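Visitor:
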DNA sequence: AAATGTGGAATTTTT
DNA sequence: TTCCACATTT
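Residue numbers (my numbering): 716 to 1472.
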């Protein structure tokens, strides 16, 4: 076996890649070459003739991962990746539903709603049915529906324990009715419909089962119940399912991810003659030893694990650097200082990441970086296809493609303003409801309940009709361009003084249509046909018959980049969640404080702290060479200063691999250092200082009675905490302490024997 | 129909 | 603090 494909694989990777035909669960630790194994496995199957490209289905969660798989695969083998089913769960389900829209009981040109659209639909529904949004918050219903669907449950299958739940189920049913009438599906619906399609149509199911001899799943720990059921349906007796995942990196339980899927895999995908193979990839190619030691020790505190230990053949490397800053401002200043000196040493800024638990923390960091003129890029936020002007342009296109889309209708009927007031739309909504039709049909039928067809409404109908006629024969980008202008959007934003960005985005939408066509072209070859249940011919990768519908699906399924990548290298700011899968030379994990990380909300959740710990594990394992873990004694949060105890996760990193860059007492908690001295001390600490910088700065002894807000204390009964308030003096003096384990308490200094901690 | 004011809430996020 | 939804004003 001297295939170059297999060169440089370690024994476990090699075993995984060349596994004989049967299902396998690959426990792939952080940085263990997971993507490489996955793509090499596919290449291997193809190269050895064990599978044809059409027999392979590979599924990921993100478009980015799917794209990367395609790129790496084409680099490895000369195969045409075009006919292959490689994509996201949603993308593949969309493809399947387009091909079998009749059996799925969907209109041919069904439209996909993103979460914004979905919320808008729920709001409309609340208005129409007079549902009380105080008692039933719209967001909550949105979550309720998504959760139900992710478990594969229709309204009649949801068990409602109490009255509230019963009402929510009713609302769920109403919602479904609206979606069906308007011909729109939400994200979860793509999965559920596809699942039901396979469940109900045996012929189809058998067709796909026979076709896909190999199913490969990326980030298996992130699959939800429905995705798992979908995989089970799709996998026939002779299908080998190759599931790659890491239970220690399961950080999406809050959106339905079900790690138990990994535990059940062996039972559900094994056959008596071909039990599931279990392979662990534990050799890490990313990080130096001390970083891995920190990660391993940390994650050992979780009880529910499959069990894994990362190791490296490389160096121990630097110690993990820890810092207790007096406040969030100093924490940010420290990061600026270190980044500057690293940059001065020649480290690319893009190799430095600053991670935080919640987005709110980015502001101050941005402020500090901005003032220091350090280029940075923040991940997260508004994506291209989510911007208002882009969504409006898309709504016109949706109306052109699919006029019954009430959401699209309402979005642009009077935008830009054209004299269709709230009153007109109300009447129209009433008329549509009584006639049981879409707004579009009601408008065509003559408008409002009063029977007075509004002239502006008629003009709008004509506008859409004329757009449809004008764009009919046009290539997609030209059609988009036409709609941008004919809709009046361009004229509208030209009038606005801050409209230039929006105009740019509208122009960018034309470009997006161009590149969509270009990429779709590459992805398409001859229509896939099979004797019994042929897949419909595809015009594009999105699987729709016409390019416009495909583009609209693309816009919904791939929201696009957060912001255009800047030319110059920049530091990377993001949440820990967003950092999953990435790696950097230097990583700062910031805000390591009880209440923030682990987040206080997680403490009430089942398995909450363990998930937070996995999150911390993800954060730590992003670092290749240098890891900083920082916390601040005081932090401005929601407009108020808060005093937090240092995170328990800091204590869980073995002292032997940590160098404290700030004075620190023996136990958890903050330092006892005067902010005034801070700058001086910090100045003496350079990031290059040897690991032995450690905790050796002696702290001036606490003077028995001189307690300060922000100080860490210990109480014999209540444990450790931080003083957050004080009042009175002398014998009456009391302090308020936020104890880590026992909460906030007022203590009289005369009686409570507090000691500095 | 745009501009201004008020109250409340405030993880994590892909599709 | 900041963002949002909603209500009220202009």
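From the three backbone atoms N, C-alpha and C, an ideal C-beta is built for every residue, glycine too.
Model, not experiment: these values are computed from the prediction.
1) Residues in the same chain with beta-carbon distance under 8 Å from residue 1072, minus the five sequence neighbours each way, listed in chain order, please.
2) Just the C-alpha distance for residue 915 and residue 1123, rounded to the nearest angstrom, thanks.
3) DSSP state of residue 1348, grouped into three classes?
4) From the DSSP secondary-structure annotation, give me the bridge partner or partners of residue 1042.
5) Taking the straight line between their C-alpha atoms, what separation do you get for residue 787 and residue 1233?
6) Put residue 1255 into one of helix, strand or coil per three-state DSSP.
7) Using DSSP with H/G/I as helix, E/B as strand and the rest coil, what is residue 803?
8) Taking contact to mean at least 3 C-beta pairs separated by less than 8 Å, is the stretch 757–773 in contact with the stretch 1026–1035?
9) Please classify residue 1375 as buried or exposed, where buried requires at least 16 other C-beta atoms within 10 Å of its C-beta.
10) If I follow the unbroken beta strand (DSSP E) through residue 1470, where does it start and stop?
11) With H, G and I counted as helix, E and B as strand and the rest as coil, what does DSSP make of residue 1027?
12) Determine the direct distance from the alpha carbon of residue 950 to that of residue 821, and round the result to whole angstroms.
13) Using the three-state DSSP reduction, which class does residue 1097 fall into: helix, strand or coil?
14) Give the straight-line distance between the Cα atoms of residue 737 and residue 957, rounded to the nearest whole angstrom.
15) To the nearest whole angstrom, what separates the beta carbons of residue 1294 and residue 1109, a pair I think is in contact under 8 Å?
16) Which ranges does the beta strand (DSSP E) cover as unbroken runs of at least 3 residues, wholly within the stretch 913–978, from first to last along the chain?
17) Please state whether DSSP places residue 815 in a helix, a strand or coil.
18) Could you check what DSSP says for residue 1380 in three-state terms: helix, strand or coil?
19) Enumerate in chain order the residues of its own chain whose CB-to-CB distance from residue 898 is below 8 Å, with the five nearest sequence positions on each side excluded.
20) Would you check if the distance between the CB atom of residue 1191 and the CB atom of residue 1266 is smaller than 7 Å?
21) Return the chain-ordered list of same chain residues with a C-beta closer than 7 Å to the C-beta of residue 718, the five sequence neighbours on each side being excluded.
22) Which same chain residues end up closer than 8 Å to residue 1479 when comparing Cβ atoms and leaving out the 5 residues on each side of it in sequence?
23) Which of the three DSSP states is assigned to residue 1439 in this structure?
24) Alpha carbon to alpha carbon, how far is residue 1470 from residue 1450?
25) For residue 929, does the count of other Cβ atoms within 10 angstroms reach 16, so buried, or fall short, so exposed?
26) Going straight from the alpha carbon of residue 1372 to that of residue 1336, what length do you get?
27) If you follow the beta strand (DSSP E) that residue 689 is part of, which residue opens it and which one closes it?
28) Out of 813, 1137, 721, point me to the one whose CA is closest to residue 1261's CA.
29) Start and end of the alpha helix (DSSP H) containing residue 1124?
30) Below 6 Å, is the gap between the Cβ of residue 1332 and the nearest heavy atom of the ligand NAP?
31) Using a Cβ-Cβ cut-off of 8 Å (strictly less than) and excluding sequence neighbours within five positions of residue 1284, which residues of its own chain qualify?
32) Taking a contact to mean a Cβ-Cβ separation below 7 Å, would you say residue 752 touches residue 780 in this structure?
33) Taking contact to mean at least 3 C-beta pairs separated by less than 8 Å, is the stretch 1096–1112 in contact with the stretch 1204–1221?
34) Rounded to the nearest angstrom, what separates residue 1349 and residue 1358 at their Cα positions?
35) Between which residues of its own chain and residue 870 is the CB-CB distance below 6 Å, once the five residues before and five after are set aside?
36) Around the C-beta of residue 1554, are 16 or more other C-beta atoms found within 10 angstroms, so that it is buried, or is it exposed?
Guide: Concretely, from the data shown:
1) 1290, 1291, 1306, 1311, 1312, 1314, 1330
2) Each residue's alpha carbon lies about 32 Å from the other.
3) Three-state result, residue 1348: strand.
4) 1349
5) One alpha carbon belongs to residue 787, the other to residue 1233, and they sit about 19 Å apart.
6) In this predicted model, residue 1255 has a pLDDT of only 42, less than 50, meaning its place in the structure is not dependable enough to derive any value.
7) strand
8) no
9) Its Cβ being crowded by 16 or more others within 10 Å, residue 1375 is buried.
10) 1469–1471
11) The three-state reading of DSSP puts residue 1027 in coil, since its state is none of H, G, I, E or B.
12) 24 Å
13) coil
14) 8 Å
15) About 30 Å; that fails the 8 Å criterion.
16) 929–932, 955–960
17) Reduced to three states, the DSSP call for residue 815 is coil.
18) With a pLDDT of only 43 at residue 1380, under the threshold of 50, the placement of this residue in the model should not be trusted; the figure read from the coordinates follows. It is coil, neither helix nor strand.
19) Correct list, in chain order: 821, 822, 824, 825, 826, 1117, 1119, 1120.
20) yes
21) Hits under 7 Å: 762.
22) Nothing about residue 1479 can be reported from this structure: the residues present for the chain run from 716 to 1472 only.
23) strand
24) 13 Å
25) buried
26) Near 14 Å, if we compare the C-alpha coordinates of residue 1336 and residue 1372.
27) Residue 689 lies beyond the residue range present for the chain, which begins at 716 and ends at 1472; the question has no answer from this structure.
28) That would be 813, whose Cα lies nearest to the Cα of residue 1261.
29) Residue 1124 -> alpha helix (DSSP H) spans 1121–1127.
30) As for the ligand NAP, it is missing from this structure, which has no ligand bound.
31) Taken in chain order, the residues that qualify are 1063, 1064, 1065, 1090.
32) no
33) Three or more beta-carbon pairs drawn from the stretch 1096–1112 and the stretch 1204–1221 are found closer than 8 Å, and the two stretches are therefore classed as touching.
34) Going from the Cα of residue 1349 to the Cα of residue 1358 covers about 5 Å.
35) Within the same chain, 884, 887, 888 come within 6 Å of residue 870 by CB-CB distance, once the 5 residues on both sides are set aside.
36) Residue 1554 cannot be examined here, being either before or after the span of the chain that is shown, 716 to 1472.
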